[in-house]
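**Q**
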């Protein structure tokens, strides 16, 4: 165990730093790192190198090579740089390589050297050229800050939605600032720059001079500045070899250190972690690496080779030609357990477990010691946590074994933390593997989340591993396996050398009906690659028509889209296609297409009814659907036309259509309507009042009510109103007028075709019993009783009923007998009934 | 009088969740437009909205004023306008005209359109064509099932009937999805699902209703499970809105009763109530305290409800016990039984001549047509002529609609019944698309009511008086004269546990494609759930049908859940077919 802490270096009293090798690199670099532009993505991301940048002394004729390696040095891509001079390289948060050219053009490449897109940083930049750039990451995405040849700063917080902000001018800035950096505070990005002994903070609106609190005097220039991974802290390196470390607001000093080296360092980065005990900065010169913090002494390392520092969330990665190392502050749990002569519960538990394996009784002693202090739970937790921070699987295992051993002596220790740690470590070890090359620490992994890690694996086309991880962690299919399969399929369709059939079959075989996989997305990708036929084949597997149809439309397979939409029975979808077709095809073709699809046709008619009446007419015309055409014109006659001539004309067209449709009835009815309309018009002119749009019946009624009996009769004759109707009509109208005299005259004009009971009823309705009685006597025998009852003559009704010997009538009368007045009548009926029964 | 269910009848699932979901979603949508806003509501969404979120809830979410969507320019002064509409083109034009008017007045406001139950692409297209797509934000209120009662769900799509059976402009998708989740999610709970197209059984829907709930609907129009009783019922000068569902204890007991029993029941109930009130005489202080604190409120409530329903009954009696109504019912029964056709025809003719009511006249004509398998050409012409003369020539279009829907047709001269039948069935089978194609075929649909009636014994043979107090079959909902066809089919299938043996009936109903699934699996565990029956009416169902099936459920130990596109009755059916001048 003693040797385990051999690479631990104390800084001050509280913290240890250790540096261990992640990979030995065999990337076979031909040139020194210092001759290249280097960019390494955080979170164990890939490394990009652009060899042979545009150095003054090199001939410009040699084309440089852009190379991309995994963190373990495996080549991912290599391409000849054919564009202009590059100022800097950087990785976006989505692991896309940004190559910023001197003229302000940014070329974006994928992890595998595939060109994605390019954009320009504007005319201003183009004219003034770029002197320096910085790529930074915030919660909004990846941003870029530029220093132009005119000594102006331009900034964009998120390059995926490029909005360039020109920062205010720095007064008197004539040369390149000695150093500068981007700060992100309060959701805004600022620039801090050093000009000679002065520091300026540039925010959106102003440039203000700032002074770090507690800065040692005698500084004549700042050589280097470094902002921490979380933008909380800032370090400044001065020409006196003095290092100031404080908060990014410059308002608070954490510590200072004088290294007495006046040479400007090559790189300076923060080395801290969340909840770090010590805030430390790593400074690198050509051959020297120094860890500096709040301690009189610094930690020094000798660099054998050219190195490059990559700041991480919880440490610093150090790249060189031959190795890839990680330098970090030893996490608390590890420190407690492994510190020499540590009596922390975790340390004791680890010892106990070791003794136990040796079958020594010391195991018991250690265990008792922990238990006596009641710290077993804590011990287990410590071991579990420490395991997470160890890089070597062997050490992880022994810590976990200790934890598991300790767990045996605990009641109800929740198993989750142990299980999850085992799972996480398994995943981490898998991705740290040399072939994968993602050297994530546990802290970084938790920050990154499993979803993002899976995305990164997918980005590296490591589909099998990603799927295995999903299955191992039992992620829900939609988030896990299906998503990865879908990505795989999208990649698969880009393989141009495989035939459409084979690709489609291969995809379907793998994907089957996996939930959450959208075949239409894959098809869209295939279409994007120009493989329309493949896209159509893939769409066949898509069960949701709502997804099929829009893509088919996009691919200009409208007719197929139409039949798919109709199959789906979803009207909305059919409409979508129809309206699309309408714009795409010429009218004739469109109508022909509709003709073969009755459902679509009917839907389109609906649409036209509201939106395009004229088209509707054309549709009916095309189909020789005269019946509907007739109805159409009738509707038109009611719709807009106010003028009577227009309406009659519309009706005439309708009538013609009805004749063509062999619907004589409708045609005749329409002609009658025309006649009626003309007549009503004439009546309005001659008599005044409102006649238009009344029904025939109402027209006649209105005439009678107005006293135009002659006209009414004329109209009745002209339109052949049946006698019965006429009688009902006259009866009602005259009663309404209470013209009893005329009514009586009318009733005597000839024998009533509707009998005389209605006369009685209507008089009673007007409460004229006197008139009613007149007609009651004329009612035919079958309704006589009813009529007499209506006028209230119960006694006579009873007589008639008895005379008729009609049981139903008798009970009807009986039900009308009320109270004492009709007592005699009731008796009479009862007697008659009894008599009838006797017989 | 409300009969208890058999003990083995299954419990109903709780549907009130649906209401809550709909409310929450609506609130979410309203909150998407923060700040004060005016809400424009389409008329046919008003009642459902009221059942889900009342005005105070809307106010809570900063709805300032409520307007009805109608063809008038809006006078709203709010800066934010929200429209709650059906996805219909005419609504889009309304919204567009409003936006464009604002634009030309140089006014900018926020507009949000909430479609219910779903957004249609065509609507967005219209907005685009009118040039306002960018100004309006669109959302969906996926509210499709409104629980009107413990066993009744309504989709509240009253226009579905006309759209589907007349225009074949379908709202299929929503329905199909609904079915999917019902069948998958609830398989262990629901034993049978019936999907009935309204055009299978127009007859039942066309009959006058005589069950209390149906009568209330026919007389006062129940909207979304609530009814407005006017002054003639409340015997005060104000009208009263009453919710009609199982929570109304009085209503619950009389809703399924034949009307002739209702009055007797109510007076009995009134006497009981009085007796309970009377108990307080001779109580000591303590008992009185108990009575006031515990029972009085319930009694008062019951009293209030009782007086409302007595008022409603009186009002119905006044309207219905007249000679006319009895004659009407007599004629209907004659039509159903198929005797005295001549007499019935002249009754209808008189009805028309006297201009009694355009809807009633139309209804009788349709009933005659369907029961007689089309009118004989002479009557067809003369009735139509009479009708046009009475109620206006625009009804020529109404007749064309009715013909297309198969409600009012002409007997094809020379064609015997069977010939027509075979023609129909052949046509349908040839074009396997079934219903859809059928609707397009120029050949009007025909009913074979008489034959079906005989096969299914829809007209019960009655010796002596039918005792409406103790009904013996579902015919009681039509005074014992007729068993509703739709309900009879369901009864038969449930009884046989399959469609087997009903081939002939189905053929007569013009159902050509039959797929029998084996329902014989009858393990004990599932028999419980098999008793829960889900009945879906596409195009609406009537309260009489609901009552009849509730009766069947009580008799045979089933529990029915009804899902309908809307509750309908004869008047609504006819109005849907009528063409009114714009």
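Protein chains in written order, with the numbering used here: chain A, 1 to 839; chain B, 1001 to 1582.
Note that the Cβ used here is the ideal one computed from N, Cα and C, for glycine as well.
Compare the C-alpha of residue 683 of chain A against each of A:700, A:669, A:667 and name the closest.
**A** A:700
**Q** Between which two residues does the beta strand (DSSP E) containing residue 67 of chain A stretch?
**A** Element bounds for residue 67 of chain A: 65-69.
**Q** At a CB distance below 9 Å, what residues from the region 1367-1384 of chain B approach chain A? Give them in sequence order.
**A** Listed in sequence order: 1380, 1381, 1382, 1384.
**Q** Grouping DSSP H, G and I as helix and E and B as strand, with all else coil, what is residue 132 of chain A?
**A** Annotated three-state conformation of residue 132 of chain A is strand, per DSSP.
**Q** What's the C-alpha gap between residue 88 of chain A and residue 38 of chain A?
**A** 8 Å
**Q** Taking the CB atoms as reference points, tell me whether residue 105 of chain A and residue 97 of chain A lie closer together than 8 Å.
**A** no
**Q** So, are the CB atoms of residue 535 of chain A and residue 511 of chain A less than 8 Å apart?
**A** no
**Q** Given the structure, does residue 807 of chain A come close to the ligand GDP, in the sense that its CB is under 7 Å from one of the ligand's heavy atoms?
**A** By its list of ligands, the structure shown contains no ligand whatsoever, and the ligand GDP lies outside what it can speak to.
**Q** Please classify residue 351 of chain A as buried or exposed, where buried requires at least 16 other C-beta atoms within 10 Å of its C-beta.
**A** buried
**Q** Would residue 283 of chain A and residue 311 of chain A be called neighbours here (beta carbons separated by less than 8 Å)?
**A** At a Cβ-Cβ threshold of 8 Å, residue 283 of chain A and residue 311 of chain A do not count as neighbours.
**Q** Apart from the five residues on each side of it in sequence, which residues of its chain come closer than 7 Å, Cβ to Cβ, to residue 597 of chain A?
**A** 562, 566
**Q** Going by DSSP, what residue range makes up the alpha helix (DSSP H) through residue 443 of chain A?
**A** 442-448
**Q** For chain B, find out if any of its Cβ atoms is closer than 8 Å to the Cβ of residue 762 of chain A; answer yes or no.
**A** With respect to chain B, the C-beta atom of residue 762 of chain A has no partner C-beta closer than 8 Å.
**Q** Who are residue 1149 of chain B's beta bridge partners in DSSP?
**A** B:1152
**Q** For residue 587 of chain A, would you say it is in contact with chain B, using Cβ-to-Cβ distances shorter than 8 Å as the test?
**A** no
**Q** Mark residue 537 of chain A as exposed unless 16 or more other C-beta atoms lie within 10 angstroms of its C-beta, in which case mark it buried.
**A** buried
**Q** Since residue 1227 of chain B contacts residue 1257 of chain B with CB under 8 Å, what's their CB separation in whole angstroms?
**A** That belief does not hold up - the Cβ atoms of residue 1227 of chain B and residue 1257 of chain B are roughly 17 Å apart, past 8 Å.
**Q** Report yes if the C-beta distance between residue 179 of chain A and residue 224 of chain A is below 8 Å; otherwise report no.
**A** yes
**Q** Could you list the residues in the region 1388-1412 of chain B with a C-beta less than 7 Å from some C-beta on chain A, going in chain order?
**A** Going along the region 1388-1412 of chain B in chain order, one finds 1388, 1389, 1390, 1391, 1392, 1393, 1394, 1396, 1397, 1400 with a Cβ nearer than 7 Å to chain A.
**Q** Should residue 247 of chain A and residue 219 of chain A be called a contact, given that it needs their Cβ atoms to be closer than 8 Å?
**A** no
**Q** Would you mind listing the alpha helix (DSSP H) stretches within the region 1036-1103 of chain B that are 4+ residues and don't spill past its ends, in chain order?
**A** DSSP runs (the alpha helix (DSSP H)) wholly in the region 1036-1103 of chain B: 1043-1052, 1055-1060.
**Q** Should residue 1353 of chain B be flagged as near chain A, meaning a C-beta pair shorter than 8 Å?
**A** yes
**Q** Short of 7 Å Cβ to Cβ, which residues in the region 550-582 of chain A face chain B?
**A** 569, 570, 571, 572, 575, 576, 579
**Q** Rounded to a whole number of angstroms, what is the C-alpha to C-alpha distance between residue 889 of chain A and residue 623 of chain A?
**A** Here chain A comprises residues numbered 1 to 839, so residue 889 of chain A is not present and cannot be evaluated.
**Q** DSSP state of residue 620 of chain A, grouped into three classes?
**A** helix
**Q** Could you pull the start and end residues of the alpha helix (DSSP H) that residue 740 of chain A belongs to?
**A** 740-749
**Q** Would you tell me roughly how many angstroms separate the C-alpha atoms of residue 423 of chain A and residue 355 of chain A, rounded to the nearest one?
**A** 27 Å
**Q** Taking 8 Å as the CB-CB cut-off, is residue 1090 of chain B touching chain A?
**A** yes
**Q** According to DSSP, is residue 156 of chain A helix, strand or coil?
**A** strand
**Q** For the 8 Å Cβ check, are there 3 or more pairs between the region 427-439 of chain A and the region 296-304 of chain A?
**A** no
**Q** What would DSSP say about residue 504 of chain A, mapped onto helix, strand or coil?
**A** Residue 504 of chain A falls in the helix class under three-state DSSP.
**Q** Rounded to whole angstroms, what's the CA-CA distance from residue 20 of chain A to residue 476 of chain A? Just pull it up for me.
**A** Inter-residue distance for residue 20 of chain A and residue 476 of chain A is about 36 Å (C-alpha atoms, whole angstroms).
**Q** Taking the beta carbon of residue 1104 of chain B as the centre, do at least 16 other beta carbons fall within 10 Å, making it buried, or is it exposed?
**A** exposed
**Q** Quick one: is residue 1022 of chain B near chain A, going by C-beta distance under 8 Å?
**A** no
**Q** At a Cβ threshold of 8 Å, is residue 1426 of chain B touching chain A?
**A** Unreliable placement is indicated for residue 1426 of chain B, whose pLDDT of 47 sits below 50; the coordinate value is still reported in the next sentence. Chain A contact via Cβ: absent.
**Q** Would you decide whether residue 830 of chain A is buried or exposed? Buried here means 16 or more other CB atoms lie within 10 Å of its CB.
**A** The residue is exposed, with fewer than 16 neighbouring Cβ atoms inside 10 Å.
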